[in-house]
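Chemist:
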Amino acid sequence: MKILVTGGLGFIGSHTSLLLLEEGYDVVILDNLSNSRISTLEKINSLSANKAAFVQGDILDEKIVDKVFSLGNFHGVVHFAALKSVEESQNNPMKYYLNNVAGTLTILKECQKYGVRNFVFSSSASVYGDAESPVSEDTTSGNRLNPYAESKGMCERILNDIAISDNSMRPTILRYFNVIGAHRSGLLGEESTKEFGNIMPYIVKVASGKMDKILVYGNDYNTPDGTGIRDYIHVMDVAKAHVRALEKQREGCQTYNLGTGQGTSVFELIETFEEVSGLKIPYEVAQRRYGDIEVSYSNPAKAMGELGWKAEFDIRDMVRDTWNYEKVRFKY
Ligand code: WQD
38 MKILVTGGLG FIGSHTSLLL LEEGYDVVIL DNLSNSRIST LEKINSLSAN KAAFVQGDIL
98 DEKIVDKVFS LGNFHGVVHF AALKSVEESQ NNPMKYYLNN VAGTLTILKE CQKYGVRNFV
158 FSSSASVYGD AESPVSEDTT SGNRLNPYAE SKGMCERILN DIAISDNSMR PTILRYFNVI
218 GAHRSGLLGE ESTKEFGNIM PYIVKVASGK MDKILVYGND YNTPDGTGIR DYIHVMDVAK
278 AHVRALEKQR EGCQTYNLGT GQGTSVFELI ETFEEVSGLK IPYEVAQRRY GDIEVSYSNP
338 AKAMGELGWK AEFDIRDMVR DTWNYEKVRF KY
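This note's numbering numbers the first residue of the sequence shown as 38 and each following residue consecutively.
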């Protein structure tokens, strides 16, 4: 069966594309290379006997998208392509609503035109806003704080409405918590071409001498050690959930949290990295970052019950594989 993976050369998209190939799917990747590199395609194909096809194009380019679908005969679509910077979305909301919402509508229009019923959507825990953790799929969203999260929430609304009006459409929404880690080979990992302000890439930069310290955004939160708590999840666990979602398509629009259900603080993440790598990670406590919530972690039970999926990697595995990727990439 053939799957279209939009944004398939990105961090989560590349790991999912590889897993789909290993599971025997044929994969066509559509990616505009705005936050990815063509070298990732070679790495994916070097790791799999089954090779992915690639089309460079933007999800807003209706001509290219229609051409891909007309040749595709796709069993399903996994839609990763999106802009993902919280800060950038606050400075340029129009760019985020256009790309993330209109771009998703372009893909959905083609799905309906060509009868592609299975649609797996890359969403985010940020749709919960500042709702109290642990959050379940039916938790009422709190204040979402930024256009990026709002754009994901709008796409979720669209998918639910489409599934209500056309019961042949089978969208699955996957809400990622904080995705880190890398493929065990060290060939695939988080190789963003831009800075998104996320903690893990900064810890890696300090470990590799590219930065002298981490700024810890606040140690005065109402948490055990005062720093922010997040539900970090391994990218391979997230990739596996996408394969399960394609296999277990159910009636209507289904939504699942992709998290471990465990919270890890900033200090705990830094300490885990130091233990695993044997390196010291200097830090300095700074002001809280605007828009950060205090605590975010999932109740992942629904994905276990309905997809038969649960996270297998723990925080040490995530840190180990992240650092291994960096060492392989730069031959430390
Ligand atoms: C994690 C923790 C920070 C950087 C965002 C998006 C989310 C998803 C993942 C797309 C927080 C602290 C961070 C630093 C720090 N992206 N921190 N110093 O903000 O939880 O989630 O990225 O889907 O949608 O919202 O991730 O890694 O930026 O922050 O102390 O230099 O690390 O305060 O507690 P976040 P993050």
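Using N, Cα and C, we set each Cβ at its ideal position, and we do this for glycine too.
Taking the DSSP output, what are the residues bridged to Asn215?
Modeler: Translated into positions along the sequence shown, residue 215 becomes position 178. In the DSSP output, where bridge partners are listed per residue, Asn215 has Tyr269.
Chemist: My assumption, with CB atoms under 8 Å, is that Tyr254 sits in contact with Arg325. Please give the rounded CB distance.
Modeler: Walking along the sequence shown from the start, residue 254 turns up at place 217. Walking along the sequence shown from the start, residue 325 turns up at place 288. Yes, Tyr254 and Arg325 are in contact; Cβ-Cβ is about 6 Å, under 8 Å.
Chemist: Determine whether the beta carbon atoms of Thr309 and Arg353 lie at a separation below 8 Å.
Modeler: Locating residue 309 in the sequence shown gives position 272, where the first residue counts as 1. Locating residue 353 in the sequence shown gives position 316, where the first residue counts as 1. Yes, the pair counts as a contact, with Cβ atoms nearer than the cut-off.
Chemist: Mind checking whether Leu46 and Leu70 have CB atoms under 8 Å apart?
Modeler: The residue you call residue 46 lines up with position 9 of the sequence shown. The residue you call residue 70 lines up with position 33 of the sequence shown. Their beta carbons are under 8 Å apart, which means Leu46 touches Leu70 by this criterion.
Chemist: Does DSSP put Thr309 in a helix, in a strand, or in coil?
Modeler: Residue numbering aside, residue 309 sits at position 272 when the sequence shown is read from its first letter. Reduced to three states, the DSSP call for Thr309 is helix.
Chemist: At the level of alpha carbons, what is the spacing between Val216 and Thr176?
Modeler: As a first step, residue 216 is located in the sequence shown; it is residue number 179 there, counting from the start. As a first step, residue 176 is located in the sequence shown; it is residue number 139 there, counting from the start. So the two alpha carbons sit approximately 21 Å from each other.
Chemist: Closer than 7 Å: is that where the CB of Asp329 sits relative to any heavy atom of ligand 1?
Modeler: The count along the sequence shown starts at 1 and reaches residue 329 at position 292. For ligand 1, at least one heavy atom lies less than 7 Å from the Cβ of Asp329.
Chemist: Would you mind working out which of Ala168, Val275 and Gln127 sits nearest Asp351, comparing C-alpha positions?
Modeler: As a first step, residue 351 must be located in the sequence shown, where it is residue number 314. That would be Val275, whose Cα lies nearest to the Cα of Asp351.
Chemist: For Thr43, report the span of its beta strand (DSSP E) as first-last.
Modeler: Here residue 43 is taken as the residue at index 6 of the sequence shown, counted from 1. Residues Lys39 to Thr43.
Chemist: Identify the continuous beta strand (DSSP E) that holds Ser160 and give its terminal residues.
Modeler: On the sequence shown, position 123 is the one that residue 160 refers to. Per DSSP, Ser160 belongs to the beta strand (DSSP E) from Asn155 to Ser161.
Chemist: Looking at the unbroken beta strand (DSSP E) that takes in Tyr293, where does it start and where does it end?
Modeler: By 1-based counting over the sequence shown, the position of residue 293 is 256. Segment Gln291 to Leu295, the beta strand (DSSP E) holding Tyr293.
Chemist: Can the beta-carbon of Asn256 be found less than 8 Å from the beta-carbon of Gly246?
Modeler: As a working mapping, residue 256 is identified with position 219 in the sequence shown. As a working mapping, residue 246 is identified with position 209 in the sequence shown. For Asn256 and Gly246, no; Cβs fall outside 8 Å.
Chemist: Going by other Cβ atoms of all chains shown within 10 Å of its Cβ, with 16 needed for buried, is Ser202 buried or exposed?
Modeler: Position 165 of the sequence shown holds residue 202. It is exposed - the Cβ of Ser202 has fewer than 16 other Cβ atoms within 10 Å.
Chemist: Use the C-beta contact count for Glu363: other C-beta atoms within 10 angstroms, 16 or more gives buried, fewer gives exposed.
Modeler: Mapped onto the sequence shown, residue 363 falls at position 326. Buried, since its Cβ has 16 or more Cβ neighbours within 10 Å.
Chemist: Any heavy atom of ligand 1 inside 7 Å of the beta-carbon of Leu252?
Modeler: Indexing the sequence shown from 1 puts residue 252 at position 215. Yes, the Cβ of Leu252 comes within 7 Å of a heavy atom of ligand 1.
Chemist: What's the gap between the Cα of Ala200 and the Cα of Arg154?
Modeler: Mapped onto the sequence shown, residue 200 falls at position 163. Mapped onto the sequence shown, residue 154 falls at position 117. Spanning the two alpha carbons is a distance of roughly 10 Å.
Chemist: Using 8 Å as the threshold, is the segment 328 to 346 in touch with the segment 141 to 155, meaning 3 or more CB pairs across them?
Modeler: With a cut-off of 8 Å, the segment 141 to 155 and the segment 328 to 346 do not count as touching, because too few Cβ pairs lie within range.
Chemist: Roughly how many angstroms separate the alpha carbons of Tyr327 and Val157, rounded to a whole number?
Modeler: As a working mapping, residue 327 is identified with position 290 in the sequence shown. As a working mapping, residue 157 is identified with position 120 in the sequence shown. Near 31 Å, if we compare the C-alpha coordinates of Val157 and Tyr327.
Chemist: Let me check understanding here. Comparing Cα to Cα, which of Arg357, Glu193 and Gln299 lies closest to Gly289?
Modeler: Counting from 1 along the sequence shown, the entry for residue 289 is found at position 252. It is Glu193 whose Cα lies nearest to the Cα of Gly289.
Chemist: Do you know how far the Cα of Ala282 is from the Cα of Thr209?
Modeler: Position 172 of the sequence shown, counting from 1, holds the residue named residue 209. Position 245 of the sequence shown, counting from 1, holds the residue named residue 282. Going by the C-alpha atoms only, they are around 7 Å apart.
Chemist: Do Lys247 and ligand 1 come close, with the Cβ less than 7 Å from some heavy atom?
Modeler: Position 210 of the sequence shown, counted from the first residue, corresponds to residue 247. Lys247: no, Cβ never under 7 Å from ligand 1.
Chemist: Among Asn197, Thr43, Leu316 and Val172, which one has its Cα closest to the Cα of Tyr213?
Modeler: The residue given as residue 213 occupies position 176 in the sequence shown. Checking every option, the nearest Cα to that of Tyr213 belongs to Val172.
Chemist: To which residues of the same chain is Ser205 closer than 6 Å at the C-beta, ignoring the five residues directly before and after it?
Modeler: As a first step, residue 205 is located in the sequence shown; it is residue number 168 there, counting from the start. These residues qualify, in order along the chain: Arg154.
Chemist: Which value, in whole angstroms, describes the spacing of the CA atoms of Val356 and Lys150?
Modeler: As a first step, residue 356 must be located in the sequence shown, where it is residue number 319. As a first step, residue 150 must be located in the sequence shown, where it is residue number 113. Going by the C-alpha atoms only, they are around 43 Å apart.
Chemist: Taking a contact to mean a Cβ-Cβ separation below 8 Å, would you say Ser51 touches Leu225 in this structure?
Modeler: Locating residue 51 in the sequence shown gives position 14, where the first residue counts as 1. Locating residue 225 in the sequence shown gives position 188, where the first residue counts as 1. In contact: Ser51 and Leu225 (Cβ atoms closer than 8 Å).
Chemist: Give the range of the alpha helix (DSSP H) segment to which Asp103 is assigned.
Modeler: Mapped onto the sequence shown, residue 103 falls at position 66. Glu99 to Gly109 is the span of the alpha helix (DSSP H), which, as asked, contains Asp103.
Chemist: What beta strand (DSSP E) runs, 3 residues minimum, are completely inside the segment 46 to 91?
Modeler: The qualifying runs are 63 to 68.
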